[in-house]
Amino acid sequence: MTTPSVGDRLPVSEVPAITREKLREFAAASGDDNPVHLDDEAARQGGLDGAVVHGMLVMAHLGRLVTSWPAAGALRSFKARFTAPTPAGSRVTCAGKVASVDVVDGRPCARVQVTAARDDGVTVARGEAVVELAA
Numbered sequence: 003m004t005t006p007s008v009g010d011r012l013p014v015s016e017v018p019a020i021t022r023e024k025l026r027e028f029a030a031a032s033g034d035d036n037p038v039h040l041d042d043e044a045a046r047q048g049g050l051d052g053a054v055v056h057g058m059l060v061m062a063h064l065g066r067l068v069t070s071w072p073a074a075g076a077l078r079s080f081k082a083r084f085t086a087p088t089p090a091g092s093r094v095t096c097a098g099k100v101a102s103v104d105v106v107d108g109r110p111c112a113r114v115q116v117t118a119a120r121d122d123g124v125t126v127a128r129g130e131a132v133v134e135l136a137a
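Next comes the structure, spelled out in C-alpha cells:
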C-alpha cells in the first residue's frame, strides 16, 4: 500500500436515511433516550423542527468512514463537533481528507479531517481523526 499524501480523499460514505426505527434502536443501545430524538412534539418544545438524529450516531458513521479506510490501522484519536441538527429521516454523506502525514511516537500517522452533511448539503458535523497507517 502506498503512503497517503496530504490532500488525498477518503472514499465517501453514503449513509441511508436514518429512520425513526434506527433512532429507537440507537437510543436503546446507547441509553440516550432523550425525547428530542424520538418525539417530534418534545423536539419542537426544545426549539427544533422535529425529532433529530443523535449526534453520537452521526459521529459513529464518521468513525466508520475513517476505520474502513484501507490505509488506516489503529485509531489514535477522534473528535468532532456538531454544527447543525440532523432531522430524523435524513441521509448523511461522510467525507474525509488527509490533512497531514507525520510520525507520532515512532509510528507513521495520518491526521484526517472529516465532515458529515445531510442530504440538503448542510454540514452537520466536522471533526478530526488521527490514525496509525497500516503496514
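All residue numbers for the sequence shown refer to the working numbering, where the first residue is 3 and numbers rise by one.
Backbone N, C-alpha and C fix where the C-beta goes; we use that ideal spot for every residue, glycine too.
Which residues does DSSP pair with residue i in a beta bridge?
i: Gln115; result: Lys99, Glu130
i: Pro89; result: Val54
i: Val94; result: Val17, Arg120
i: Leu135; result: Ala74
Quick one: is residue i buried, meaning 16 or more other Cβ sit within 10 Å of its Cβ, or exposed?
i: Val8; result: exposed
i: Met58; result: exposed
i: Gly1; result: Beyond the ends of the chain as shown, which are 3 and 137, falls residue 1; an answer cannot be given.
i: Ala82; result: buried
i: Thr4; result: exposed
i: Leu77; result: exposed
i: Pro13; result: exposed
i: Val105; result: exposed
i: Pro6; result: buried
i: Ala136; result: exposed
i: Ala112; result: buried
Which whole-angstrom value describes the C-beta separation of residue i and residue j, a residue pair presumed to lie in contact below a C-beta threshold of 8 Å?
i: Val38; j: Ala29; result: At roughly 11 Å, the Cβ-Cβ gap does not stay under 8 Å, so Val38 and Ala29 are not in contact.
i: Ala86; j: Thr117; result: The pair is not a contact, with the Cβ atoms about 11 Å apart (cut-off 8 Å).
i: Ala90; j: Ile20; result: 7 Å
i: Val114; j: Glu130; result: 7 Å
i: Arg93; j: Asp51; result: Incorrect: roughly 17 Å between the Cβ atoms, too far for contact.
i: Leu40; j: Leu64; result: That belief does not hold up - the Cβ atoms of Leu40 and Leu64 are roughly 22 Å apart, past 8 Å.
i: Val68; j: Asp10; result: The pair is not a contact, with the Cβ atoms about 13 Å apart (cut-off 8 Å).
Residue i to residue j, Cα distance in whole Å?
i: Ser70; j: Cys96; result: 12 Å
i: Arg66; j: Ala127; result: 14 Å
i: Gly123; j: Ser15; result: 14 Å
i: Val54; j: Thr88; result: 5 Å
i: Pro110; j: Ala73; result: 11 Å
i: Arg22; j: Gln47; result: 19 Å
i: Asp107; j: Glu27; result: 39 Å
i: Phe80; j: Ser102; result: 15 Å
Within the continuous alpha helix (DSSP H) that includes residue i, where are the two ends?
i: Arg46; result: 42-47
i: Ser32; result: 22-32
Taking the continuous beta strand (DSSP E) assigned at residue i, which residues delimit it?
i: Leu77; result: 74-84
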